[in-house]
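Undergrad: Per this note's numbering, residue 97 is the first one in the sequence shown, and the count goes up by one each step.
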Amino acid sequence: MSDSPGGDETRIAPTAGPGAKAHLQPGDAFGPRYQIIRELGAGGMGVVYQAWDEVLGVAVAMKVIRRDSGIGTAAMQDVERRFKRELLLARQVTHRNVVRIHDLGDVEGTKYITMTFVDGEDLATTLKREGTLPVQRVLRIARQVASGLQAAHEASVVHRDLKPANIMIDAEDHALLMDFGIAQSANARATAPGAPHGVAPAPSAAPAIRHDDATMMAPAAADETVMAPSSRELETIGSGSGSGSGGSHPSGRTPSSAADSITVGSVIGTMDYMSPEQSKGEPVDHRTDIYAFGLILRDLLLGKRKRPHGQSPWDALQIRIKKAPEPLASINPAIPAALDALITKCVQLDPKDRFEKTSDLTDALAKLDDDGNLIPEPVTKRMTPAMMAVAGVALAGAIGGTWYFARGTGLVDHKPVSVLVADFTNSSNDPVFTGLVEQEMTLGVEGASFISAFPRRDAMRVVNDIKKGPALDDETAGLVARREGLNVVVGGSIAAKGTGYVVAVKAMNVSDQKVLLDWNTTAATKNDVLPAVRRAAERVRKTLGDTNTSNAANDQETFSASSLEAAKAYTEAQDLNWAGKTDAAIDGYQKTISIDPNFGRAHAGLAAIYANLGRTDEAEASYQKALGLLNRMTEREKLRTRGGYYLFKRNYDKAIEEYDALLKKYPADTSGMANLALAQFYRRDMKTALEMGRRASDLYPNNVIRKNNAALFAMYAGDFDEAARLANDVIQLNPAFVKAYVALGLSNLAQGKTADAVSAFTKLGQIDTAAARGFSASGLIDIALFERRDQDALKLLTDAIAVDRAAKDKSSLGRRLALRANILVGRGDKVGALRDAREAVTLGADESILYPAGRALIDAGQPAEALELAADLDNRLENEPRLYGALLRGEAALAAGRARAALNAFQDAQKLGDSWMGRLSLGRAYLALKALPEASAEFDRCLSRKGEATSIFLDDRPTFHVFTDVGALVDRAKAGLGGK
97 MSDSPGGDET RIAPTAGPGA KAHLQPGDAF GPRYQIIREL GAGGMGVVYQ AWDEVLGVAV
157 AMKVIRRDSG IGTAAMQDVE RRFKRELLLA RQVTHRNVVR IHDLGDVEGT KYITMTFVDG
217 EDLATTLKRE GTLPVQRVLR IARQVASGLQ AAHEASVVHR DLKPANIMID AEDHALLMDF
277 GIAQSANARA TAPGAPHGVA PAPSAAPAIR HDDATMMAPA AADETVMAPS SRELETIGSG
337 SGSGSGGSHP SGRTPSSAAD SITVGSVIGT MDYMSPEQSK GEPVDHRTDI YAFGLILRDL
397 LLGKRKRPHG QSPWDALQIR IKKAPEPLAS INPAIPAALD ALITKCVQLD PKDRFEKTSD
457 LTDALAKLDD DGNLIPEPVT KRMTPAMMAV AGVALAGAIG GTWYFARGTG LVDHKPVSVL
517 VADFTNSSND PVFTGLVEQE MTLGVEGASF ISAFPRRDAM RVVNDIKKGP ALDDETAGLV
577 ARREGLNVVV GGSIAAKGTG YVVAVKAMNV SDQKVLLDWN TTAATKNDVL PAVRRAAERV
637 RKTLGDTNTS NAANDQETFS ASSLEAAKAY TEAQDLNWAG KTDAAIDGYQ KTISIDPNFG
697 RAHAGLAAIY ANLGRTDEAE ASYQKALGLL NRMTEREKLR TRGGYYLFKR NYDKAIEEYD
757 ALLKKYPADT SGMANLALAQ FYRRDMKTAL EMGRRASDLY PNNVIRKNNA ALFAMYAGDF
817 DEAARLANDV IQLNPAFVKA YVALGLSNLA QGKTADAVSA FTKLGQIDTA AARGFSASGL
877 IDIALFERRD QDALKLLTDA IAVDRAAKDK SSLGRRLALR ANILVGRGDK VGALRDAREA
937 VTLGADESIL YPAGRALIDA GQPAEALELA ADLDNRLENE PRLYGALLRG EAALAAGRAR
997 AALNAFQDAQ KLGDSWMGRL SLGRAYLALK ALPEASAEFD RCLSRKGEAT SIFLDDRPTF
1057 HVFTDVGALV DRAKAGLGGK
């Protein structure tokens, strides 16, 4: 909650006047449960405090009614009703984007209500400070607000006073709806004429409060909440020409005498954001909130609306409700047309012309990319009427409407269809089939290029959110599918029949609950069950429109007699891996392989984990085993495995080739999207990587690996706010996910938030794994070097080196020794530097060891040894090590005073890859050659690509200290230019 409420906040009371005092002080007890921490705001009738809740053990925001406010009894009773209404209605809405109400009570005659304390500010304050917000941030906020509104409307709660002051923005840029004090429940009320079926409007009557009795809400300001019995009486607000009452108005303006005498009661809301129907005292429903939502987006993009001099709030309202606003592009042509159209639809004068349902609004937002442009629909072939009938289950906007299609001319026969596989009822008395049948069905339905299976692990997280119990039965799966915007639910059963089994499958269209398929098949023996499940999956694909099922049997992985148990173990390992539980996932894959050594997918899964952990020898061995078993994999798994191997080998062009082929055949493959993003990242196309990474993450937002990849892509792209936000989201999903703290810590460091960076890396070190402690140490060392605390860095490094020696972690030890060598040579200790550099090069051949070790050798006077390392790197197959070999050759030449030769070497490196370190080296060479415009240009590129300096080897290991001297180099180049 904001410390300084915005000017359009729905207040308990106006801003404090001369006689208004808080009657509670910091440290005071308020009943047995609360202790006052500080006052957040006060007025003539109410006070807002931050207080400590002894029961919940957290700080809360507390609204109280002043006992000495002097308002009448009727007014006090109405305020108490508002308090109770706010509690009851807000409690109906449980959503991450809605502030939660905790308690309502009375302490010695003082009424109070408590809610979640939000560390941030309201959106009105943000808008006042910033003027306008960029499209990307507006959309990020809009999606969250719309999501919270949808939850409220689905709970039959209409806010009726939606405005920037009632939207809190916390420190992580999360948006939360608040202040349901004038909200109304739609339950038990008749549907109004013209309202969509099933949505009842809020009543138009409210308890009357005379303004001369209650100063709770002063009606003269356009951005404050007003209450009046009719539009005729409301017209007096701000329209009189009297001299006023002489009293102080909450917003600093003087209300007119006419306004001072009005009776307020039935027209409730804020004039600046009030819908036409609301201003006329007509029945309102959820569409009045949609109207206000559209006006808020207009203000965020164009700036707060300003009235001409002399125009009253009421006059402005009357103009607005008679003429729909002009398109945004007529004011700012840079506003994307798709976003403009969405907002224009929200603010139509007639509710029937707005979005019919709030879910339609959230769907429309999901169809926009981060820049507000419409995400292109997939190109489709002309379908026959029969094909159209089958494809009708593929609803527009499936999974948010975000689909990537590979480059090339391949056409897709169908719109993407999203499928959720529910729990199959296991009546076979054999537990091995529990979970295994669902895994095989999921794999089977994805045999069609246009079908994407929603991960069951993510579905179970949704189940936990809606508190439906641990099972994903058909009913619960339907709820999840509707919430996530999925198209089809597939369920079924397996039962024993004599000595064999019966596998039954049912597919249901989510939108109308129509049964699309009800079919069964038999299995003679236990080992025939999985082939039976595949036949059922083939029948599902065919029902959904797949015409390429003839070769499906040849596109399935074959299983040995022991594969049922192996497949069960593999399923469990996959779930652990996607949950970020790396060590447990390794154990699961190894268990799978111990049961069935020829289980190709298990070898591939194990290889991917080893690669992510930097255990290159083990990764290579596992990949080789997987590649030798490609003939036992589906076509999709073959492409995924080869793509993963090329990523591991850093042959990014080949990796992109494999993933392009994968997405050409299977456009909805989110794994392909995620890994194509990774390949583009390693090619240093950070913008494309971030875009692809966001899309892969947005499709399945609870996938910690993909979300954290998006956080890291944002960090490398220099979008540090977005990186920190995503990293915090990952930590919420999995507090032990190591790389989330790395993204958070480095993003904070790059923004100059050193204390926050230290906090992130310190918390990381408290996670009880070797990887967590190692990255924590690296982060704290990097911070010390960035702050030029070399002595502190050396102490931390020495401790970390001892840990690596004890653990026999050669790769980490080599990197740390090379780093220490550079610190020592900078401090004049050439002997120590040579010792560390020479040991480092014996511990690993990666450029992340050899390049910094070579730099230390050059600075310590041993360029010949460094050039031997450069020759080693030059002889590699991959471009990345060759790039650093060329950079080392350039450094040796630059140290010898041969700046022209150095420039040639750095330009050679640039041809192999556009690295941040290469740009810095080019700038230094140009500076040595006194080519100041060229030097300045290269240093400016280093500044604009600041994110890449966070980890120059793109391995997420902190190196931001290399950015320390860039500012000085920029100044040198520009000073030289200025001196010409």
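Glycine residues also receive a C-beta, built at the ideal position from the N, C-alpha and C atoms.
Going by Cα to Cα distance, which pick from 888, 123, 546 is closest to residue 643?
TA: Taking only the C-alpha atoms, the option nearest residue 643 is 546.
Undergrad: Applying the criterion that 16 or more other CB atoms from any shown protein chain within 10 Å of the CB defines a buried residue, is residue 137 buried or exposed?
TA: It is buried - the Cβ of residue 137 has at least 16 other Cβ atoms within 10 Å.
Undergrad: My output table needs one value for residue 212: the three-state DSSP class, helix, strand or coil.
TA: Three-state DSSP puts residue 212 in a strand.
Undergrad: At the level of alpha carbons, what is the spacing between residue 559 and residue 819?
TA: Cα-Cα distance, rounded: 28 angstroms.
Undergrad: Could you check what DSSP says for residue 749 in three-state terms: helix, strand or coil?
TA: Residue 749 falls in the helix class under three-state DSSP.
Undergrad: Quick check: the Cα distance between residue 855 and residue 154, rounded to an integer number of angstroms?
TA: Between residue 855 and residue 154, the C-alpha separation is close to 21 angstroms.
Undergrad: Which full runs of the beta strand (DSSP E) of 3+ residues lie inside the region 418-452, going along the chain?
TA: Qualifying beta strand (DSSP E) stretches: none in this window.
Undergrad: Report the residue ranges of all alpha helix (DSSP H) runs contained in full by the region 915-966; include only those spanning at least 4 residues, in chain order.
TA: Qualifying alpha helix (DSSP H) stretches, in chain order: 926-936, 943-955.
Undergrad: Residues in its own chain within less than 6 angstroms of residue 976 by CB, not counting five upstream and five downstream?
TA: Contacts found: 746.
Undergrad: Out of 778, 572, 587, state which residue places its alpha-carbon closest to the alpha-carbon of residue 536.
TA: Closest by alpha carbon: 587.
Undergrad: For the region 584-599 against the region 612-622, do three or more pairs of beta-carbon atoms, one drawn from each stretch, fall closer than 8 angstroms, so that the two count as touching?
TA: Short answer: they touch.
Undergrad: According to the neighbour-count rule (16 or more other Cβ atoms, all chains shown, within 10 Å of its Cβ), is residue 1055 buried or exposed?
TA: With 16 or more other Cβ atoms within 10 Å, it is buried.
Undergrad: Helix, strand or coil for residue 995? Go by DSSP, reduced to three states.
TA: Three-state result, residue 995: helix.
Undergrad: With burial defined as no fewer than 16 other Cβ atoms inside 10 Å of the residue's Cβ, what is the status of residue 943: buried or exposed?
TA: By the 10 Å Cβ count, residue 943 comes out buried.
Undergrad: How far does the beta strand (DSSP E) with residue 259 in it extend, from its first residue to its last?
TA: No beta strand (DSSP E) contains residue 259, which DSSP labels as neither H nor E.
Undergrad: With residue 1015 and residue 1034 assumed to form a contact (beta carbons below 8 angstroms), what rounded beta-carbon distance in angstroms separates them?
TA: Confirmed, Cβ separation roughly 5 angstroms.
Undergrad: May I have a chain-ordered list of the alpha helix (DSSP H) segments no shorter than 4 residues that lie completely inside the region 807-847?
TA: 816-829, 834-846, all fully within the region 807-847.
Undergrad: Which value, in whole angstroms, describes the spacing of the CA atoms of residue 1069 and residue 1039?
TA: Approximately 14 angstroms between the Cα atoms of the pair.
Undergrad: Find out if the Cβ-Cβ distance for the pair residue 386, residue 450 is shorter than 8 angstroms.
TA: Yes, the Cβ-Cβ distance between residue 386 and residue 450 is below 8 angstroms.
Undergrad: What is the DSSP secondary structure of residue 195, reduced to helix, strand or coil?
TA: It is coil, neither helix nor strand.
Undergrad: Would DSSP call residue 158 helix, strand or coil?
TA: Three-state DSSP puts residue 158 in a strand.
Undergrad: Would you mind sorting residue 240 into buried or exposed? The rule is 16 or more other CB atoms within 10 Å of its CB.
TA: Buried is the call here.
Undergrad: Can residue 959 and residue 1001 be called in contact, C-beta distance under 8 angstroms?
TA: No. Outside cutoff.
Undergrad: Classify residue 152 as buried or exposed, calling it buried when 16 or more other Cβ atoms lie within 10 Å of its own Cβ.
TA: Classification for residue 152: exposed.
Undergrad: If residue 575 and residue 550 are in contact, beta carbons under 8 angstroms, what's the gap, nearest whole angstrom?
TA: Not quite, the Cβ-Cβ distance comes to about 13 angstroms (not below 8 angstroms), so this is no contact.
Undergrad: So what does DSSP say about residue 545, is it helix, strand or coil?
TA: If DSSP states are grouped into helix, strand and coil, residue 545 belongs with coil.
Undergrad: Would you identify the three-state DSSP class for residue 567, choosing helix, strand or coil?
TA: DSSP places residue 567 in coil when its eight states are reduced to three.
Undergrad: Give the DSSP-derived three-state secondary structure of residue 189 in the structure shown.
TA: Correct three-state label for residue 189: coil.
Undergrad: Just curious, the alpha helix (DSSP H) that residue 882 is in, first and last residue?
TA: Segment 866-882, the alpha helix (DSSP H) holding residue 882.
Undergrad: Three-state secondary structure (DSSP) at residue 1049?
TA: Coil, per DSSP.
Undergrad: Can the beta-carbon of residue 775 be found closer than 8 angstroms to that of residue 804?
TA: Going by C-beta atoms, residue 775 is not nearer than 8 angstroms to residue 804.
Undergrad: In three-state DSSP terms, what is residue 1011?
TA: Coil, per DSSP.
Undergrad: Is residue 210 near residue 264, with beta carbons less than 8 angstroms apart?
TA: Contact flag unset, no.
Undergrad: With a threshold of 7 angstroms, establish whether the CB of residue 980 neighbours any heavy atom of the ligand NAP.
TA: Among the components of this structure there are no ligands whatsoever, and the ligand NAP is therefore not found.
Undergrad: Closest to residue 609 by C-alpha separation, out of 208, 584, 919, would be which residue?
TA: Residue 584 is the option with its Cα nearest to residue 609.
Undergrad: Which stretch, first to last residue, makes up the beta strand (DSSP E) that contains residue 593?
TA: 584-593 is the span of the beta strand (DSSP E), which, as asked, contains residue 593.
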